[in-house]
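Here's the structure we're looking at; comments come further down.
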Amino acid sequence: MPDPGDEFWDEFDTHEMIMEATVWVLAEGGYSGLTLRKIAERAGKNRGLVHYYFDSKDDLLQSLLDHIFDGMQRLMGLDETDEPLERLWTALRFFAYGPGGVDENGRHYYLAILQLKALAPHDAEIRQRLTRNYRYTVDLIQATIEEGIERDTFHSVDPEATATFFVAAIDGARSTDLTLDTTTVRETTMDGIEHVVSELLVASADSGGC
Numbered sequence: 010m011p012d013p014g015d016e017f018w019d020e021f022d023t024h025e026m027i028m029e030a031t032v033w034v035l036a037e038g039g040y041s042g043l044t045l046r047k048i049a050e051r052a053g054k055n056r057g058l059v060h061y062y063f064d065s066k067d068d069l070l071q072s073l074l075d076h077i078f079d080g081m082q083r084l085m086g087l088d089e090t091d092e093p094l095e096r097l098w099t100a101l102r103f104f105a106y107g108p109g110g111v112d113e114n115g116r117h118y119y120l121a122i123l124q125l126k127a128l129a130p131h132d133a134e135i136r137q138r139l140t141r142n143y144r145y146t147v148d149l150i151q152a153t154i155e156e157g158i159e160r161d162t163f164h165s166v167d168p169e170a171t172a173t174f175f176v177a178a179i180d181g182a183r184s185t186d187l188t189l190d191t192t193t194v195r196e197t198t199m200d201g202i203e204h205v206v207s208e209l210l211v212a213s214a215d216s217g218g219c
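Adding 9 to a residue's 1-based position in the sequence shown gives its number in our numbering.
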């Protein structure tokens with residue numbers, strides 16, 4: 010995990026630095042341990058600067074979900090010139106493991122998101138932003154499947170239902186690995202998804218899977 014002054018922080022402007030620090034504090038200590046003081050300490054800034062950017066913790070958390078959403082779009086690494094099957098696997102792996110596969114930097118983002126999801130039933134603003142992020146994920150997978158069907162790469166399936174299934178399976182598996190004493194549920198789930206893709210979705214013998 011990055012300490013104040015580490016090179017990790019150099020790539021961010023002040024606002025982004027506060028956002029990244031919030032992610033780390035949430036991932037390490039949960040919502041109950043989240044304070045503006047801890048965020049300032051992690052970012053190597055004074056607390057007054059955090060207050061300058063954010064009026065309250067609620068304001069900060071809403072901005073955090075926007076930051077995570079923007080980062081997800083930026084870091085996914087989709088190449089529009091790739092074939093639909095390759096783009097499908099790029100997106101599914103990202104949703105399962107985060108940027109660059111299984112590493113601490115991806116893991117801490119998903120731990121922070123879990124903390125925010127726990128607040129969503131009682132916080133309309135957080136719920137709205139999480140719903141937006143979820144819809145983006147499903148819509149992206151759905152559009153990729155639709156393109157694959159149009160190109161005869163995929164069999165004719167219900168794109169929305171298939172995308173919803175993939176996202177729900179990965180989300181549940183990821184949450185299980187992050188919250189329980191398990192480490193292989195995502196891997197097992199991705200193996201199952203690969204079987205579904207190769208047997209039911211792909212219109213050729215090559216699944217191009219994990």
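Backbone N, C-alpha and C fix where the C-beta goes; we use that ideal spot for every residue, glycine too.
Assuming contact is defined by CB atoms lying nearer than 8 Å, are residue i and residue j in contact in what I supplied?
{"i": "L35", "j": "A121", "result": "yes"}
{"i": "H117", "j": "V32", "result": "yes"}
{"i": "Y40", "j": "A127", "result": "yes"}
{"i": "L84", "j": "K66", "result": "no"}
{"i": "L43", "j": "L74", "result": "no"}
Quick one, which of the options has its alpha-carbon nearest residue i's?
{"i": "P93", "options": "V32, T153, L209 and T23", "result": "T153"}
{"i": "G86", "options": "S165, F78 and R96", "result": "R96"}
{"i": "I27", "options": "S41, D161 and A52", "result": "A52"}
{"i": "D30", "options": "L69, T185, I179 and P168", "result": "In the sequence as presented, Asp is not what sits at residue 30; that position holds Ala. The option with the nearest alpha carbon to A30 is L69."}
{"i": "F21", "options": "G80, F163, E203 and N142", "result": "G80"}
{"i": "D88", "options": "A170, R56 and L149", "result": "L149"}
{"i": "A212", "options": "E196, T197, A182 and H164", "result": "H164"}
Which residues does DSSP pair with residue i in a beta bridge?
{"i": "F163", "result": "V211"}
Excluding the five sequence neighbours on either side, which residues of its own chain have a C-beta within less than 8 Å of the C-beta of residue i, listed in chain order?
{"i": "T188", "result": "L123"}
{"i": "H204", "result": "none"}
{"i": "E25", "result": "H76"}
For the ligand ZN, is there any heavy atom lying closer than 7 Å to the beta carbon of residue i?
{"i": "E29", "result": "This structure simply doesn't include the ligand ZN, nor any ligand for that matter."}
Please report the Cβ distance between residue i and residue j, rounded to the nearest whole angstrom; I am assuming they are in contact, meaning their Cβ atoms lie under 8 Å.
{"i": "M199", "j": "A100", "result": "Not a contact, Cβ separation roughly 12 Å."}
{"i": "I202", "j": "F175", "result": "6 Å"}
Please return the same chain residues whose Cβ sits closer than 7 Å to the Cβ of residue i, not counting the five positions on each side in sequence.
{"i": "S184", "result": "L123"}
Which residues in the same chain have their Cβ closer than 6 Å to the Cβ of residue i, if we skip the five residues on either side of it in sequence?
{"i": "F78", "result": "N142"}
{"i": "E169", "result": "Q151"}
So is residue i in contact with chain B if we call contact Cβ pairs under 8 Å?
{"i": "G80", "result": "Annotation note: the requested chain B is absent from the structure, which comprises a single protein chain."}
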